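Participant:
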Amino acid sequence: MNCRSGIDEDLLNRALRVRYDVLRLPECESRGINLLFRRDDLIDRHCSGNKYYKLYYNIRAAREAGCHTLVTAGGAWSNHLLATAYGAAQHGLRARGVVRGQRPERLSDTLRDAQKAGMELKFVSRHEYLSLAQRSGAFRGEFYVPEGGANEAGERGAEALGQAIGATQDLSHACVCVPVGTGGTLSGLVRGLPENTLSLGFSVLKDGRACSQLGTQLAPGHWRLLWGFHGKGYGRALPAPLLAFWRDFERRHAIALDPVYTLKMLWGIERLAALNYWPQGTKVIAVHTGGLQGRRGFSQVIDWPQPIMDV
Ligand SMILES: *Cc1c(COP(=O)(O)O)cnc(C)c1O
1 MNCRSGIDED LLNRALRVRY DVLRLPECES RGINLLFRRD DLIDRHCSGN KYYKLYYNIR
61 AAREAGCHTL VTAGGAWSNH LLATAYGAAQ HGLRARGVVR GQRPERLSDT LRDAQKAGME
121 LKFVSRHEYL SLAQRSGAFR GEFYVPEGGA NEAGERGAEA LGQAIGATQD LSHACVCVPV
181 GTGGTLSGLV RGLPENTLSL GFSVLKDGRA CSQLGTQLAP GHWRLLWGFH GKGYGRALPA
241 PLLAFWRDFE RRHAIALDPV YTLKMLWGIE RLAALNYWPQ GTKVIAVHTG GLQGRRGFSQ
301 VIDWPQPIMD V
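Number 99 in UniProt numbering belongs to position 99 of the sequence shown; there are no gaps in the numbering.
1. Kindly indicate which residue of 111, 295, 89, 303 has the alpha-carbon position closest to the one of residue 98.
2. Quick check: the segment 162–172 against the segment 264–273, are at least 3 beta-carbon pairs closer than 8 angstroms?
3. Would you decide whether residue 196 is buried or exposed? Buried here means 16 or more other CB atoms lie within 10 Å of its CB.
4. Taking only the alpha-carbon atoms, compute the straight-line gap between residue 199 and residue 257 and give it to the nearest angstrom.
5. Helix, strand or coil: how does DSSP classify residue 283 here?
6. For the segment 146–157 and the segment 55–68, state whether three or more C-beta atom pairs, one from each stretch, are separated by less than 8 angstroms.
7. Going along the chain, which residues of its own chain have a beta-carbon closer than 7 angstroms to the beta-carbon of residue 102, five neighbours each way excluded?
8. Heavy atom of ligand 1 less than 7 angstroms from the Cβ of residue 79, yes or no?
9. Taking the beta strand (DSSP E) that residue 158 belongs to, which residues open and close that run?
10. Could you spell out the range, first to last residue, of the beta strand (DSSP E) harbouring residue 15?
11. Report the CB separation of residue 264 from residue 190 in whole angstroms; it is logged as a contact under 8 angstroms.
12. Is the Cβ-Cβ distance between residue 261 and residue 291 less than 8 angstroms?
13. Measuring alpha carbon to alpha carbon, tell me which residue in 142, 120, 88, 37 is nearest residue 174.
14. Can you list, in chain order, the residues of its chain whose CB lies under 6 angstroms from that of residue 224, leaving out five sequence neighbours each side?
15. Pull the bridge partners of residue 21 from the DSSP assignment, please.
16. Below 8 angstroms CB to CB, which residues in the same chain sit around residue 63 once its five sequence neighbours on both sides are set aside?
17. Residue 144 CB to nearest chain C CB: under 8 angstroms?
18. Which residue marks the beginning of the beta strand (DSSP E) containing residue 177, and which one marks its end?
19. By DSSP, does residue 122 sit in helix, in strand, or in coil?
20. Which class does residue 99 belong to by DSSP, given the choice of helix, strand or coil?
21. Is the beta carbon of residue 289 closer than 8 angstroms to that of residue 40?
22. Going straight from the alpha carbon of residue 304 to that of residue 23, what length do you get?
23. For residue 32, does the count of other Cβ atoms within 10 angstroms reach 16, so buried, or fall short, so exposed?
24. What residues in its chain sit with their C-beta under 6 angstroms from that of residue 28, if we drop five residues either side in the sequence?
25. Report yes if the C-beta of residue 291 is less than 7 angstroms from at least one heavy atom of ligand 1; otherwise report no.
26. What does a CB cutoff of less than 7 angstroms around residue 179 pick up in its chain, not counting 5 residues either side in sequence?
27. Taking the beta carbon of residue 131 as the centre, do at least 16 other beta carbons fall within 10 Å, making it buried, or is it exposed?
28. Could you give the distance in angstroms between the alpha-carbon of residue 218 and the alpha-carbon of residue 152?
29. Using C-beta distances below 6 angstroms, list every residue in its chain close to residue 242, excluding the 5 sequence neighbours before and after it, in chain order.
30. Assuming residue 142 and residue 71 form a contact by the criterion Cβ under 8 angstroms, report the distance between their Cβ atoms to the nearest whole angstrom.
Printed below as a string of structure tokens:
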């Protein structure tokens, strides 16, 4: 096994076991584009998708530093906040989640689950929230994980994703796709993939501020960030074509998507195929980054026949 940058074997082995499903999207099929869906949503029962990778080395660093508590921040439906709550619990750490705004009368399902997993919730003003986000390791025994798990340790975890794809797929005519929030996952992915593999990031944000990380960490190279497929922006109601695509996709494939990230990437892949963006014979590997718990906070959610996640 090629462990070139010292990726932990446990993490890599787990990443190597993730399966790929063949997807038949009409615009891709008719143009001879092979679309594979890497099911990282299934990587862990609780801590799904890219958050598993991004927390891996953060948890390790916290333990090695002798910290007893993970502290992080996020919104009411944050995949990251809940993943941190579970990750901390699994490793015998305490967790504190900092949430913007006043404590609501009724907690969101996500916050309730985080609390059930042992996370202490702290509600703060926007101003306090921002100042907290800039501070790290402020208190002894506490380990601060930035919102979204977007730090060097998070990227190093995502590197395992790239390495696993490199080890399990022939990448000679391939393009690897991920949805992008902070860009930490894309950044790690690119670092882990063989150098000449093209990666595409589909931004779910309308503007690039949150992706500032990419500019500083990733040299220009075999990756692109695409902005045209965010729907109406982060967490916003979906435009009709996206909603139709979502319904149709889930009916055909019986694979649940989260509406904030993975749906937009797949929609983008299909649109790009329609524009003849990819040469015939391209293998497009799309990463299902998980986050299905967030469906619960979405007003246009589609019913799903079975429980979507373990909580
Ligand atoms: C957090 C998240 C992302 C974004 O990852 P970044 O590393 O912040 O770009 C993508 N997909 C899902 C499901 C997420 O929860």
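Idealized CB from N, CA, C, for every residue including glycine.
As the structure is a prediction and not an experimental result, all values here were calculated from the model.
Facilitator: Judging by the given coordinates:
1. 111
2. no
3. Residue 196 should be labelled exposed.
4. 21 angstroms
5. Strand at residue 283.
6. yes
7. 123
8. yes
9. Where residue 158 is concerned, there is no enclosing beta strand (DSSP E), although the alpha helix (DSSP H) it sits in stretches over 152–168.
10. That residue, residue 15, is in no beta strand (DSSP E); its alpha helix (DSSP H) goes 9–16.
11. Residue 264 to residue 190, Cβ: 19 angstroms. No contact.
12. yes
13. Looking at the Cα atoms, 37 is the closest of the given residues.
14. 200
15. 37
16. 91, 93
17. Absent here is chain C; the protein component of the structure consists of one chain.
18. 174–180
19. strand
20. strand
21. yes
22. Distance between the alpha carbons of residue 304 and residue 23 is about 19 angstroms.
23. That one is exposed.
24. 35, 273
25. yes
26. Taken in chain order, the residues that qualify are 202, 204, 261, 262, 264, 265, 289.
27. exposed
28. 12 angstroms
29. 231, 267
30. Taking a contact as a CB-CB distance under 8 angstroms, the pair residue 142 and residue 71 counts as one, their CB atoms being some 5 angstroms apart.
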